[in-house]
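Chemist:
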Amino acid sequence: MSGKVTWNSDHAGSAVRIPTAAASLALCGLLYYLAAGLELALRLPDSTVAALSPQQGVLVALLMTTRYRRWWLIALPVLPAHLAAYWDIGVPPWQLAWQAAHTIVLTIGIVAALRWLGIANPFESLREFLLYLLVILLGPALLNIGSPGVALATGANLDLTTLTWQAESLSSALGILTWGSCIILGLLFAAGWPGQHTPARYIEALLVAAALSASCYLTIGAASQQVPLVLVFVPLLWLAIRFGSTATAVALALVATFAAAAAQIPQDAVVDLQMFLIVLAFTSLVVAVLGEERQREAQTASARATLAKRQSDERISLILRAARDAPHERDIPHDTDAALRTIGTMTDRSSRKDLRTNRNLERFASLAMVGQITASIAHEINQPLAAIHHNAEAGLLLLAGRPVDRTELQEIFNDIRGDNRRAVELIDQLRELMQEHELRLDPIDINEVVGDVVELLRVESRRRHIQLEARYAKLPVLLGDYVRLQQVLLNLILNAMDAMEGLPESRRRIVIHTSRSDATHIQVRVVDRGKGIDPDNLPKIFDSFFTSKQHGMGIGLAIARSIVEAHGGRIWARNNADMGATLAFEIDSVGSKVMMPYPGPTDRYGARLN
Numbered sequence: 002m003s004g005k006v007t008w009n010s011d012h013a014g015s016a017v018r019i020p021t022a023a024a025s026l027a028l029c030g031l032l033y034y035l036a037a038g039l040e041l042a043l044r045l046p047d048s049t050v051a052a053l054s055p056q057q058g059v060l061v062a063l064l065m066t067t068r069y070r071r072w073w074l075i076a077l078p079v080l081p082a083h084l085a086a087y088w089d090i091g092v093p094p095w096q097l098a099w100q101a102a103h104t105i106v107l108t109i110g111i112v113a114a115l116r117w118l119g120i121a122n123p124f125e126s127l128r129e130f131l132l133y134l135l136v137i138l139l140g141p142a143l144l145n146i147g148s149p150g151v152a153l154a155t156g157a158n159l160d161l162t163t164l165t166w167q168a169e170s171l172s173s174a175l176g177i178l179t180w181g182s183c184i185i186l187g188l189l190f191a192a193g194w195p196g197q198h199t200p201a202r203y204i205e206a207l208l209v210a211a212a213l214s215a216s217c218y219l220t221i222g223a224a225s226q227q228v229p230l231v232l233v234f235v236p237l238l239w240l241a242i243r244f245g246s247t248a249t250a251v252a253l254a255l256v257a258t259f260a261a262a263a264a265q266i267p268q269d270a271v272v273d274l275q276m277f278l279i280v281l282a283f284t285s286l287v288v289a290v291l292g293e294e295r296q297r298e299a300q301t302a303s304a305r306a307t308l309a310k311r312q313s314d315e316r317i318s319l320i321l322r323a324a325r326d327a328p329h330e331r332d333i334p335h336d337t338d339a340a341l342r343t344i345g346t347m348t349d350r351s352s353r354k355d356l357r358t359n360r361n362l363e364r365f366a367s368l369a370m371v372g373q374i375t376a377s378i379a380h381e382i383n384q385p386l387a388a389i390h391h392n393a394e395a396g397l398l399l400l401a402g403r404p405v406d407r408t409e410l411q412e413i414f415n416d417i418r419g420d421n422r423r424a425v426e427l428i429d430q431l432r433e434l435m436q437e438h439e440l441r442l443d444p445i446d447i448n449e450v451v452g453d454v455v456e457l458l459r460v461e462s463r464r465r466h467i468q469l470e471a472r473y474a475k476l477p478v479l480l481g482d483y484v485r486l487q488q489v490l491l492n493l494i495l496n497a498m499d500a501m502e503g504l505p506e507s508r509r510r511i512v513i514h515t516s517r518s519d520a521t522h523i524q525v526r527v528v529d530r531g532k533g534i535d536p537d538n539l540p541k542i543f544d545s546f547f548t549s550k551q552h553g554m555g556i557g558l559a560i561a562r563s564i565v566e567a568h569g570g571r572i573w574a575r576n577n578a579d580m581g582a583t584l585a586f587e588i589d590s591v592g593s594k595v596m597m598p599y600p601g602p603t604d605r606y607g608a609r610l611n
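Per the numbering used here, the sequence shown runs over residues 2 to 611.
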């Protein structure tokens, strides 16, 4: 899996998943119809040009947050929605169909370019935002040459054609930069935000909203020549610095819509208004994205510094814990002014045998878990090896011919190198799962952990005819052990797969969700549609040696609990309201409770033993 977090409607990086195709079609059609109606209301008098195209932004946002395989659900309702919105303006149906087709082509072209550049979230960094801006400016400029407005104006005069092309291109770009950015960030917005701010913060938000409204009215609504347009920048920059990109994008969408509706300008001046609004949006969003990027870097540096300090402070405690020694310290009353203090350790040797037994059981459980997916792993490794073999044979045939095509030979070698890298990565991943090591904390992305496990189980899920799906939220960096958290997920997912044996294929479905339960806690849920868990067994399923399976050992879920608790987290299970069960765990992203001493016997992860 790549280092980026991606968002889509099946996988969502907090994008909203539409449950059925019919609902997707209806919702996308309704959103486009409303946006097209707004665009129609914003058109200048006696003109086919609007300063802003909200429907273009809506389409880009929906495609950006949807897997490309489901793009047809977005594109299909555009034609009927476009015809319904513009039917009464007197344009021939063939021209309306042309407009709808051009809108789809333009949008898909822009989003495909963004995907090709690897941009999943344009607001993740300043670099990605600048690439996003470049694409949404150049894309409409190139693709609007084939728009109905430009094509039909070509026969009139060059000035009209140029003006139409400029206005339509900037209208699309402005719609994407304002409404599109607003909807993208809205779909990616993390849950739990109302509880993250103080009342003073909300009062500040109301003040900046009032200032922005007043400045918009004075500079645009009142059409006053005495008030400079630059006044609008002040509250927007305040908003960008204090409230970030999401609030800024919402404000920009409203400001651009108000300006397009309220500004009393002739048609030949619409380009100037559009350029002003684009510069306004660009400046504000750059400040917001740059501020958020710096804040994330500072948080990561602070988390690493806190971890380093904690590890330094607890080094002696960890050594004592490993030796099963408990430090003690107390003052001794004395009749002099000097205070006397004793420091020592107490050693509990009764649990050493239990600890060795526990480690052996952990090792055995890990081998058993890997054994469950051996066929899948062998199939995964066999694919790149077979590709290497076929490419090597093709290379030998190519060398036997005269002359040698160096370009084709280079492509063959590149394929061999890529397949070899894939095989090595799979073997390394398997080796890491089977190796023993103490708990180590590194900055990791839990979405990458989930993605690697899903990829590792891809063949196993096909063999069992189980649909395996992951939906990701936008999450902060987590301090944790990458391989151990993979083991937790493998145990939970394999347990869910076992729970659906013998069920109809239509019910064999597992969804892994990542989310934020509050400002710092990250939650991962594995939801199946199996038979559920006996209510009497719910409190015991994470206990060692407890199992409801005929051939189960009762170790896998206990180890998962041990690893999660060593991360300072908690793990639980519950039955779903309709069918199946959910196994979930939650970890503090800043690692504030990691490796806290436990007075009783613990395993090698630092978690308590039963």
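Even glycine gets a Cβ: it sits at the ideal position worked out from N, Cα and C.
Could you tell me the boundaries of the beta strand (DSSP E) in which GLY481 lies?
Modeler: Along the sequence shown, read from residue 1 onward, the residue named residue 481 stands at position 480. Here the beta strand (DSSP E) through GLY481 covers 479-481.
Chemist: Ends of the alpha helix (DSSP H) at ARG128?
Modeler: Working through the sequence shown from its first residue, we reach residue 128 at position 127. Per DSSP, ARG128 belongs to the alpha helix (DSSP H) from 127-144.
Chemist: Let me know the secondary structure DSSP gives ASN492 once reduced to three states.
Modeler: The sequence position of residue 492 within the sequence shown is 491, counting from 1. Looking at ASN492 - three-state DSSP - the assignment turns out to be helix.
Chemist: How many whole angstroms separate the CB atoms of LEU144 and LEU107, which I take to be in contact at a CB cut-off of 8 angstroms?
Modeler: Start at 1 with the first residue of the sequence shown, and residue 144 comes out as number 143. Start at 1 with the first residue of the sequence shown, and residue 107 comes out as number 106. Rounded, the Cβ-Cβ distance is 5 angstroms, consistent with contact.
Chemist: So what's ALA520 in DSSP terms, helix, strand or just coil?
Modeler: What you label residue 520 is simply residue 519 of the sequence shown in a count that begins at 1. If DSSP states are grouped into helix, strand and coil, ALA520 belongs with coil.
Chemist: Which residue spans inside the stretch 243-301 form an unbroken alpha helix (DSSP H) run of at least 4?
Modeler: Within the stretch 243-301, no complete alpha helix (DSSP H) run reaches 4 residues.
Chemist: So, are the CB atoms of LEU490 and VAL512 less than 9 angstroms apart?
Modeler: The residue you call residue 490 lines up with position 489 of the sequence shown. The residue you call residue 512 lines up with position 511 of the sequence shown. Cβ atoms of LEU490 and VAL512: not closer than 9 angstroms.
Chemist: Measuring CA to CA, which of SER182, PRO149, ILE185 and TRP180 is closest to GLU169?
Modeler: Taking the sequence shown and counting its residues from 1, the one referred to as residue 169 is at position 168. Taking only the C-alpha atoms, the option nearest GLU169 is PRO149.
Chemist: Given a threshold of 16 other Cβ atoms within 10 Å of its Cβ, counted over all protein chains shown, does ASN577 qualify as buried or as exposed?
Modeler: Position 576 of the sequence shown holds residue 577. ASN577 is exposed by the Cβ-count criterion.
Chemist: Would the beta-carbon of GLY581 fall within 9 angstroms of that of GLY531?
Modeler: For the purposes of this step, residue 581 is taken as residue 580 along the sequence shown, with counting starting at 1. For the purposes of this step, residue 531 is taken as residue 530 along the sequence shown, with counting starting at 1. Yes, the pair counts as a contact, with Cβ atoms nearer than the cut-off.
Chemist: Rounded to a whole number of angstroms, what is the C-alpha to C-alpha distance between SER518 and ASP589?
Modeler: Here residue 518 corresponds to residue number 517 of the sequence shown, with the count starting at 1. Here residue 589 corresponds to residue number 588 of the sequence shown, with the count starting at 1. Their Cα atoms are separated by approximately 10 angstroms.
Chemist: Would you report the Cα separation of VAL591 and GLN488, rounded to the nearest angstrom?
Modeler: Numbered from 1 along the sequence shown, position 590 holds the residue referred to as residue 591. Numbered from 1 along the sequence shown, position 487 holds the residue referred to as residue 488. Approximately 21 angstroms, taken between the alpha carbons.
Chemist: So for PRO444, helix, strand or coil by DSSP?
Modeler: By 1-based counting over the sequence shown, the position of residue 444 is 443. The answer is strand: DSSP assigns PRO444 an E or B state.
Chemist: Excluding the five sequence neighbours on either side, which residues of its own chain have a C-beta within less than 7 angstroms of the C-beta of ALA27, listed in chain order?
Modeler: Stepping through the sequence shown from its first residue, residue 27 is reached at position 26. There are no such residues.
Chemist: Would you mind working out which of ARG472, ALA393, ALA210 and LEU43 sits nearest GLU412, comparing C-alpha positions?
Modeler: Within the sequence shown, numbered from 1, the residue matching residue 412 stands at position 411. The option with the nearest alpha carbon to GLU412 is ALA393.
Chemist: On the CB-based measure, 16 or more other CB atoms within 10 Å of its CB, does GLU40 come out buried or exposed?
Modeler: Taking the first residue of the sequence shown as position 1, residue 40 is located at position 39. Buried.
Chemist: Kindly indicate which residue of ALA62, LEU77, VAL61 and TYR69 has the alpha-carbon position closest to the one of ALA23.
Modeler: Position 22 of the sequence shown holds residue 23. Of ALA62, LEU77, VAL61 and TYR69, the residue nearest in Cα terms is LEU77.
Chemist: Can you tell which of LEU186, THR163, PRO93 and LEU43 has the C-alpha that lies nearest to the C-alpha of LEU63?
Modeler: As a first step, residue 63 is located in the sequence shown; it is residue number 62 there, counting from the start. LEU63 has its Cα closest to that of LEU186, out of LEU186, THR163, PRO93 and LEU43.
Chemist: Say whether the stretch 88-97 touches the stretch 291-305, bearing in mind that this needs 3 or more beta-carbon pairs closer than 8 angstroms, one atom from each stretch.
Modeler: Cβ pair count under 8 angstroms is below three, so no.
Chemist: Report buried or exposed for THR358, applying the criterion of at least 16 other Cβ atoms within 10 angstroms of its Cβ.
Modeler: Residue numbering aside, residue 358 sits at position 357 when the sequence shown is read from its first letter. Note on THR358: pLDDT 44, under 50, position unreliable in the model; the coordinate value appears next. Its Cβ having fewer than 16 others within 10 Å, THR358 is exposed.
Chemist: Taking LEU469 as part of the beta strand (DSSP E), name the residues at either end of that continuous run.
Modeler: Position 468 of the sequence shown, counted from the first residue, corresponds to residue 469. Looking at the DSSP string, the run of the beta strand (DSSP E) that includes LEU469 is 468-472.
Chemist: Alpha carbon to alpha carbon, how far is PHE234 from SER285?
Modeler: Taking the first residue of the sequence shown as 1, we reach residue 234 at position 233. Taking the first residue of the sequence shown as 1, we reach residue 285 at position 284. One C-alpha to the other measures close to 8 angstroms.
Chemist: Just list the residues that DSSP pairs PHE586 with in beta bridges.
Modeler: In the sequence shown, residue 586 corresponds to position 585, counting from 1. According to DSSP, PHE586 bridges with VAL525 and ILE572.
Chemist: Nearest by alpha-carbon distance to LEU84: which of LEU308, TRP95 and ILE75 is it?
Modeler: Position 83 of the sequence shown, counting from 1, holds the residue named residue 84. That would be TRP95, whose Cα lies nearest to the Cα of LEU84.
Chemist: Confirm, please, whether the CB-CB distance from GLY176 to LEU53 is below 9 angstroms.
Modeler: Looking up residue 53 in the sequence shown gives position 52. Looking up residue 176 in the sequence shown gives position 175. Yes, they are a contact pair.
Chemist: Helix, strand or coil: which one does DSSP assign to THR67?
Modeler: Counted from its first residue, the sequence shown places residue 67 at position 66. Three-state DSSP puts THR67 in coil, outside helix and strand.
Chemist: Just mark HIS103 as buried or exposed, buried being the case when its beta carbon has 16 or more other beta carbons within 10 Å.
Modeler: Position 102 of the sequence shown, counting from 1, holds the residue named residue 103. It counts as buried.
Chemist: Thinking C-alpha only, which one of ILE534, PRO540, ARG116 and PRO81 is nearest GLN100?
Modeler: Sequence index remark: in the sequence shown, residue 100 carries index 99 (1-based). Selected option, being the one with the closest Cα: PRO81.
Chemist: Rounded to a whole number of angstroms, what is the C-alpha to C-alpha distance between PHE277 and LEU171?
Modeler: Numbered from its first residue, the sequence shown carries residue 277 at position 276. Numbered from its first residue, the sequence shown carries residue 171 at position 170. Looking at the two C-alpha atoms, the distance is approximately 11 angstroms.
Chemist: Spatial neighbours of GLY38 within its chain, please: CB distance less than 7 angstroms, with the 5 preceding and 5 following residues excluded, ordered by chain position.
Modeler: Numbered from 1 along the sequence shown, position 37 holds the residue referred to as residue 38. Cβ within range, chain order: ALA86.
Chemist: By how many angstroms is the C-alpha of LEU208 removed from the C-alpha of ALA215?
Modeler: The count along the sequence shown starts at 1 and reaches residue 215 at position 214. The count along the sequence shown starts at 1 and reaches residue 208 at position 207. Taking the straight line from one Cα to the other gives about 11 angstroms.
Chemist: SER173 and ALA250: beta carbons closer than 9 angstroms?
Modeler: Taking the first residue of the sequence shown as 1, we reach residue 173 at position 172. Taking the first residue of the sequence shown as 1, we reach residue 250 at position 249. For SER173 and ALA250, no; Cβs fall outside 9 angstroms.
Chemist: What three-state label does DSSP hand TRP72 in the structure shown?
Modeler: Residue mapping note: residue 72 aligns to position 71 of the sequence shown, counting from 1. Reduced to three states, the DSSP call for TRP72 is helix.
Chemist: Taking 9 angstroms as the threshold (beta carbon to beta carbon), is TYR87 in contact with chain D?
Modeler: No chain D is present in this structure, which holds just one protein chain.
Chemist: CA-CA distance, VAL454 and LEU584?
Modeler: Stepping through the sequence shown from its first residue, residue 454 is reached at position 453. Stepping through the sequence shown from its first residue, residue 584 is reached at position 583. Looking at the two C-alpha atoms, the distance is approximately 16 angstroms.
Chemist: Could you tell me the alpha carbon to alpha carbon distance between THR258 and LEU31, rounded to whole angstroms?
Modeler: As a first step, residue 258 is located in the sequence shown; it is residue number 257 there, counting from the start. As a first step, residue 31 is located in the sequence shown; it is residue number 30 there, counting from the start. C-alpha separation (whole angstroms): 19 angstroms.
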